[in-house]
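Trainee:
Residue numbers (our numbering): 335 to 497.
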């Protein structure tokens, strides 16, 4: 083998190793960014759920205290039953409004999950692009191997056959 041929082979091997390490490093960087973003999203969603739980607890405590007051008033006087039922209806309207607000917050959380799904689709597309580039690199490596084999030519015989 000539020095030029060895140099071509070493250069091709160096190129393959360089591209492979660059692809591996970029994949690791993408995965780290994904993990960081998912951790941020998880923390944000967890804080939202904690706030919702606190609001439910406050609403429950508030509704319980209101219902206890209403029960005491009914025990004292049946004459004001009609006005008291109206107050209960108002309280239920307030609770319904609060539940509507909670439903809106759940809708916002659903939208955020949709955004996360979109991010996953983008990541999948990036992985498909990396796979395509790797396939192209393999094809180029095969072309280099064929070219090197053509440069070498047929193998020479070391022992000549007897005449």
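Every residue, glycine too, gets a C-beta built ideally from N, C-alpha and C. Since this is a predicted model, take the numbers as computed values, not measurements.
(1) In the DSSP assignment, find the alpha helix (DSSP H) that holds residue 381 and state where it starts and stops.
(2) Using only CA atoms, which one of 445, 411, 437, 403 lies nearest to residue 425?
(3) Using 8 Å for Cβ pairs, my map puts residue 429 next to residue 397. What's the rounded Cβ distance?
(4) From residue 421 to residue 382, what distance separates their C-alpha atoms?
(5) Find the nearest neighbour of residue 477 within the set 342, 465, 374, judged by alpha-carbon distance.
(6) Between residue 433 and residue 352, what straight-line distance do the alpha-carbon atoms span, to the nearest angstrom?
Mentor: Looking at the atomic coordinates:
(1) Sequence index remark: in the chain shown, residue 381 carries index 47 (1-based). That run of the alpha helix (DSSP H) goes 337-410.
(2) Sequence index remark: in the chain shown, residue 425 carries index 91 (1-based). The option with the nearest alpha carbon to residue 425 is 403.
(3) As a first step, residue 429 is located in the chain shown; it is residue number 95 there, counting from the start. As a first step, residue 397 is located in the chain shown; it is residue number 63 there, counting from the start. Contact holds; Cβ gap of about 6 Å.
(4) For the purposes of this step, residue 421 is taken as the residue at position 87 of the chain shown. For the purposes of this step, residue 382 is taken as the residue at position 48 of the chain shown. Looking at the two C-alpha atoms, the distance is approximately 32 Å.
(5) The sequence position of residue 477 within the chain shown is 143, counting from 1. Residue 342 is the option with its Cα nearest to residue 477.
(6) Along the chain shown, one-based indexing puts residue 433 at 99. Along the chain shown, one-based indexing puts residue 352 at 18. Taking the CA atoms as reference points, residue 433 sits about 58 Å from residue 352.
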